Structure formats: C-alpha cells, structure tokens
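Peer 1: Provided herewith is a single structure, encoded as structure tokens, for subsequent inquiry.
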Amino acid sequence: MGLLAPTTSCDGEEELQVQLRSVIITRSKAGATVDEIIDDYRELTGVHLLDRFYTHSALLNYLFGMEGVWCSTDGAHGLMLWFCRTARTKHVVDMIQAQRSPRGGPGGSNYRRYMPRATGAPVNNFQYCYSTAGTQMGGPGTQMGGPGTVESQDLFGDMMPQPQPARPYRVRRAPRAERRHPYTRRSGGQQRSAGWRQSRSDELDFSMYGPSYHRHQLVGDDFFLAIAKWELGFSFDPGHDIDMSGLCISGLTLSEAAKRVEMAPFIADHVLVNVGTVDLLHGRAMIDLIHDFNQLVARFRERNVEPIMTTLTPIANSGGRTTMAERLLKLNEYICRTCPRTIDLWKHFVHADGTVRFECFQPGPRKVSGSIMPHVLWNKLGRQHMLGVLGNEIAAQLTTSEEWRYY
Numbered sequence: 001m002g003l004l005a006p007t008t009s010c011d012g013e014e015e016l017q018v019q020l021r022s023v024i025i026t027r028s029k030a031g032a033t034v035d036e037i038i039d040d041y042r043e044l045t046g047v048h049l050l051d052r053f054y055t056h057s058a059l060l061n062y063l064f065g066m067e068g069v070w071c072s073t074d075g076a077h078g079l080m081l082w083f084c085r086t087a088r089t090k091h092v093v094d095m096i097q098a099q100r101s102p103r104g105g106p107g108g109s110n111y112r113r114y115m116p117r118a119t120g121a122p123v124n125n126f127q128y129c130y131s132t133a134g135t136q137m138g139g140p141g142t143q144m145g146g147p148g149t150v151e152s153q154d155l156f157g158d159m160m161p162q163p164q165p166a167r168p169y170r171v172r173r174a175p176r177a178e179r180r181h182p183y184t185r186r187s188g189g190q191q192r193s194a195g196w197r198q199s200r201s202d203e204l205d206f207s208m209y210g211p212s213y214h215r216h217q218l219v220g221d222d223f224f225l226a227i228a229k230w231e232l233g234f235s236f237d238p239g240h241d242i243d244m245s246g247l248c249i250s251g252l253t254l255s256e257a258a259k260r261v262e263m264a265p266f267i268a269d270h271v272l273v274n275v276g277t278v279d280l281l282h283g284r285a286m287i288d289l290i291h292d293f294n295q296l297v298a299r300f301r302e303r304n305v306e307p308i309m310t311t312l313t314p315i316a317n318s319g320g321r322t323t324m325a326e327r328l329l330k331l332n333e334y335i336c337r338t339c340p341r342t343i344d345l346w347k348h349f350v351h352a353d354g355t356v357r358f359e360c361f362q363p364g365p366r367k368v369s370g371s372i373m374p375h376v377l378w379n380k381l382g383r384q385h386m387l388g389v390l391g392n393e394i395a396a397q398l399t400t401s402e403e404w405r406y407y
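Shown next as structure tokens:
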C-alpha cells in the first residue's frame with residue numbers, strides 16, 4: 001500500500017506543481033536529486049518541502065504522479081535524477097530514454113543500479129522487487145528454504161546477482177558534494193564544510209577577507225549575504241547562531257558594522273559596503289541613521305581605507321511614499337553627497353517613474369536569522385542584476401581612476 005502525499009497548502013495544487021517543474025527544469029541538463037529539489041524549492045519560495053510532505057517517501061510518490069516528470073539513475077553514483085519533459089526538452093528526454101540499459105555492460109555489474117523507466121513505484125520499492133522476484137516467480141509453495149527457492153535462483157542466477165555483503169564497494173556512494181549547485185561558481189562541499197576555500201585569481205583570500213567580488217571585499221547585511229552564498233559560492237562561517245560569511249552578516253546594522261570594521265583583523269584596500277536597510281526596517285530616526293553612517297565611514301578611514309558605499313535599493317515590503325521610503329531616499333542622498341566613492345544601486349531597481357521593480361524581489365517577506373523584521377530579499381534575477389551593476393561600475397572606475405587600478 002503506497003503512501004499518500006498530504007494535502008498541500010492554500011497555494012493550490014497547480015501552483016505547487018508549476019513551482020516543482022520550474023525547479024526540476026532549472027537542472028534539466030544534469031538532472032535534479034531529491035535533496036536539490038528540496039533546497040531549490042526552499043530558495044525559490046522560502047518553504048521547506050518536508051513541511052508539506054513530512055517524509056521523502058511521500059515527496060517521491062508525489063513526484064512520480066506529476067505529469068511530464070520522470071526519473072532515472074546516475075550509473076556512476078547510483079543517484080536518482082529527476083527530469084521534466086517540456087516542448088523544448090522533449091528531444092533530450094527521448095535521447096536519454098533511448099539509451100541502452102546498463103545491463104548491457106560487461107558482466108552486468110551495473111544491473112542492480114539500474115531503475116526501469118516504466119515503473120511507477122517509489123525508490124524504496126524497486127530494490128525490494130529484485131530481492132523478492134525469485135520467491136514470487138516460484139508460485140505457491142515457494143517459501144524460504146523450500147524447493148522453489150533453489151529452482152528460482154537457478155533460473156534467475158545469471159540475470160540477477162545475489163547480494164554480496166563481503167564486497168562493501170557495491171554499496172558505496174560518491175560524496176554528494178561532487179554534484180555542483182547551478183547557482184554557485186565553486187564546487188567542493190567538503191571544503192566549505194571545513195571553512196576553507198581555494199580563492200580564484202579575481203578573489204581576495206577568503207580566509208582573511210571573507211567574500212569578495214573582483215577583489216573588492218564585501219560588507220553587508222542579508223542582501224549581500226545572499227549574493228555571497230548563492231551567486232558567488234561562498235560558505236557560511238560555522239559555529240554562529242546567525243548566518244554570516246566574513247563581514248556579510250544577517251541583520252547587520254550600521255552601528256554593528258562600524259564595530260565589526262573596527263575589530264576585523266583584515267580590511268582590504270577596496271571594500272564594497274551595502275548597509276542600512278535593517279536600520280530602516282527597525283524604524284531608526286533619520287538623525288540616528290546619519291550618526292551611525294558617519295561612524296561606519298570613520299572606522300574605515302581609521303584603517304586607511306576609503307570604502308565604496310552603495311546606495312540602498314528600495315524596500316519592497318514598504319511601497320509608496322511611506323516614512324520608511326522617504327528616509328531611504330534621504331539616506332541615499334546623504335551617501336552620494338558625503339562619500340567620494342559611491343555606486344548608486346537604487347536607480348537600477350526602480351522604473352523610470354520611480355516605482356519599484358518588483359520582478360527583482362522575492363514574492364513575499366521571509367524571516368532572517370539576524371533580525372526580527374521580515375525581509376523581501378532579491379530573487380535570482382535581482383541578484384544577477386546586482387552583480388551586473390557592480391561589475392559595470394567597478395570596470396568604469398578601473399578605466400578612469402588611478403586609485404582603483406590594482407591588477
């Protein structure tokens with residue numbers, strides 16, 4: 001008796017399936033594992049799939065029942081990979097399904113790793129079917145130790161190897177870290193779990209400066225932290241109650257950033273700073289915002305660094321001409337007027353009439369580990385747009401300012 005998937009939330013069955021298909025299609029080139037589907041869905045919607053389905057088995061049953069969704073196995077590692085058939089990927093699906101079965105390999109050594117495409121049973125059942133095939137084919141009276149057992153083993157012995165516990169290599173699985181996340185430029189989950197990273201030529205030493213972009217150290221709150229994690233592939237620092245990576249810290253305020261800069265063992269010569277949104281969300285008065293901002297800039301200058309201050313992008317969960325929105329505009333004006341090095345990000349996240357480009361933000365607010373106030377963070381499009389803006393601004397400065405030339 002199969003497990004039944006629990007009833008989904010008010011978002012609707014159709015919306016859930018559309019979201020799941022989009023997650024699977026994103027990884028259509030290499031296939032998506034169940035863990036990747038869970039992680040990508042959480043990144044897309046902020047909801048953990050196991051909060052809806054409770055168990056992996058129920059989620060697998062639901063995926064098996066979705067039209068156009070199918071799975072295969074990775075012959076090298078024995079992983080279940082999920083694919084989604086669309087009009088654009090139909091030829092790829094047909095090509096994969098037309099491949100010869102691994103049973104054709106020498107000695108049939110990969111047969112037990114092969115999962116028939118036609119089966120509708122979940123992953124928990126397909127190996128069980130192999131182990132019981134002999135007793136089922138033996139007919140009535142074929143019990144453990146009975147004559148039908150020996151007969152069925154002789155009949156299927158060539159096709160279906162018996163389990164060999166003495167050969168542990170048969171059940172080994174390659175580390176999950178070998179599969180790369182499409183949102184990151186870096187592989188090596190073992191390195192990230194250990195807090196160590198091999199820096200690229202266009203990155204600063206991660207062990208000293210934390211996340212960087214084109215040799216510019218990043219200092220920011222959850223917005224920069226999301227870019228460092230999901231777009232640049234930097235890991236979170238282990239052993240903390242809140243998410244952080246270097247000086248990209250969840251819930252970072254202006255005053256806390258000033259303290260971090262003062263205490264940090266290493267500050268790079270070129271620093272990109274995006275801080276202040278958390279202060280606005282917590283309703284800080286304008287005079288306090290200016291004071292804390294000046295303190296932050298002063299801490300950098302005490303360390304002989306002139307930071308590149310970015311203006312703040314619109315706060316998507318505060319539309320219209322609210323007090324918070326007016327304070328944000330005033331703070332941006334103050335940043336541009338008082339700092340010699342600035343990058344105006346705000347203008348790239350609004351339309352010509354000043355309205356917010358909501359397509360660059362996630363669909364709703366979500367909790368972050370470092371603040372009690374919900375945040376509407378940038379989505380994938382917004383993060384990529386942000387990196388493009390920063391890259392263009394850095395390139396423009398490199399070609400016009402002697403102070404920025406460091407290559």
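Numbered as in UniProt numbering, the sequence shown ends at 407 without a single skipped number. We treat Cβ as the ideally placed atom computed from N, Cα and C, and that holds for glycine. On a predicted model such as this, the values are computed, not experimentally measured, just so you know.
Using only CA atoms, which one of Phe361, Thr342, Pro265 lies nearest to Ala396?
Peer 2: Thr342
Peer 1: So who's on the other strand from Gly220, going by DSSP bridges?
Peer 2: Cys248, Asn274
Peer 1: Going by the DSSP bridge assignment, what does Cys84 pair with across the sheet?
Peer 2: Val69
Peer 1: Is it true that the CB of Leu252 sits closer than 8 angstroms to the CB of Val275?
Peer 2: yes
Peer 1: Take Val23 as the anchor and find which of Glu13, Gly12, Thr45 has the nearest alpha-carbon.
Peer 2: With distances taken between Cα atoms, Val23 lies closest to Thr45.
Peer 1: Can you tell me which of the three DSSP states Val350 falls into?
Peer 2: strand
Peer 1: Can you tell me whether Thr26 is helix, strand or coil according to DSSP?
Peer 2: helix
Peer 1: Take Met208 and list the residues in its own chain whose beta-carbon comes closer than 8 angstroms to its own, dropping the five residues that flank it on each side.
Peer 2: Contacts found: Pro265, Phe266.
Peer 1: In the DSSP assignment, find the beta strand (DSSP E) that holds Arg366 and state where it starts and stops.
Peer 2: It spans 366-368 - the beta strand (DSSP E) in which Arg366 sits, taken as one unbroken run.
Peer 1: Is the beta carbon of Phe223 less than 8 angstroms from the beta carbon of Thr277?
Peer 2: Yes, the Cβ-Cβ distance between Phe223 and Thr277 is below 8 angstroms.
Peer 1: Less than 8 angstroms between the CB atoms is what I'm expecting for residue 419 and Val219, so what's the real figure, rounded?
Peer 2: Given a span of 1 to 407 for the chain in the structure shown, any question on residue 419 remains unanswerable.
Peer 1: Strictly by DSSP, which residues pair up with Phe236?
Peer 2: DSSP, once it has assigned bridges, lists no residue as partnering Phe236.
Peer 1: Residue range of the beta strand (DSSP E) that Thr253 falls in?
Peer 2: It is not in any beta strand (DSSP E) - Thr253 carries neither H nor E in the DSSP assignment.
Peer 1: With C-beta atoms as the reference, is Asp243 less than 8 angstroms away from Ser235?
Peer 2: no
Peer 1: Taking DSSP's pairing of strands, which residues face residue 412 in a bridge?
Peer 2: Look at the range of the chain in this structure, 1 to 407, and you will see that residue 412 is not part of it.
Peer 1: Put Ala298 into one of helix, strand or coil per three-state DSSP.
Peer 2: helix
Peer 1: Would Leu331 and Leu390 be called neighbours here (beta carbons separated by less than 8 angstroms)?
Peer 2: no
Peer 1: Provide the residue span of the alpha helix (DSSP H) that contains His385, from first to last.
Peer 2: 380-400
Peer 1: Output the boundary residues of the alpha helix (DSSP H) element that contains His375.
Peer 2: Looking at the DSSP string, His375 is not in any alpha helix (DSSP H); the run it does join, the beta strand (DSSP E), is 371-375.
Peer 1: Can you check whether the CB of Ile287 is closer than 8 angstroms to the CB of Arg383?
Peer 2: no
Peer 1: Would you kindly work out how many angstroms separate the C-alpha atoms of Leu387 and Leu329, rounded to a whole number?
Peer 2: 22 angstroms
Peer 1: Is the CB-CB distance between Asp292 and Ser255 below 8 angstroms?
Peer 2: yes
Peer 1: With a cut-off of 8 angstroms on the beta carbons, I'd call Met309 and Leu280 a contact; round off their distance for me.
Peer 2: That belief does not hold up - the Cβ atoms of Met309 and Leu280 are roughly 15 angstroms apart, past 8 angstroms.
Peer 1: Assign Ile227 to one of three DSSP states: helix, strand, or coil.
Peer 2: Helix at Ile227.
Peer 1: Please state the DSSP three-state secondary structure of Thr310.
Peer 2: strand
Peer 1: State the beta-bridge partners of Ile335 as determined by DSSP.
Peer 2: Looking at the DSSP assignment, Ile335 forms no beta bridge with any residue, so it has no partner.
Peer 1: Quick one, are the C-beta atoms of Leu20 and Tyr41 less than 8 angstroms apart?
Peer 2: yes
Peer 1: Between the Cα of Pro13 and the Cα atoms of Arg52, Asp269, Arg303, which residue gives the shortest distance?
Peer 2: Looking at the sequence provided, one finds Glu at residue 13 rather than Pro. Looking at the Cα atoms, Arg52 is the closest of the given residues.
Peer 1: List the DSSP bridge partners of Phe361.
Peer 2: Trp378
Peer 1: From the DSSP secondary-structure annotation, give me the bridge partner or partners of Ala32.
Peer 2: Trp82
Peer 1: CA-CA distance, Asn379 and Val47?
Peer 2: 14 angstroms
Peer 1: Can you tell me whether Ile290 is helix, strand or coil according to DSSP?
Peer 2: helix
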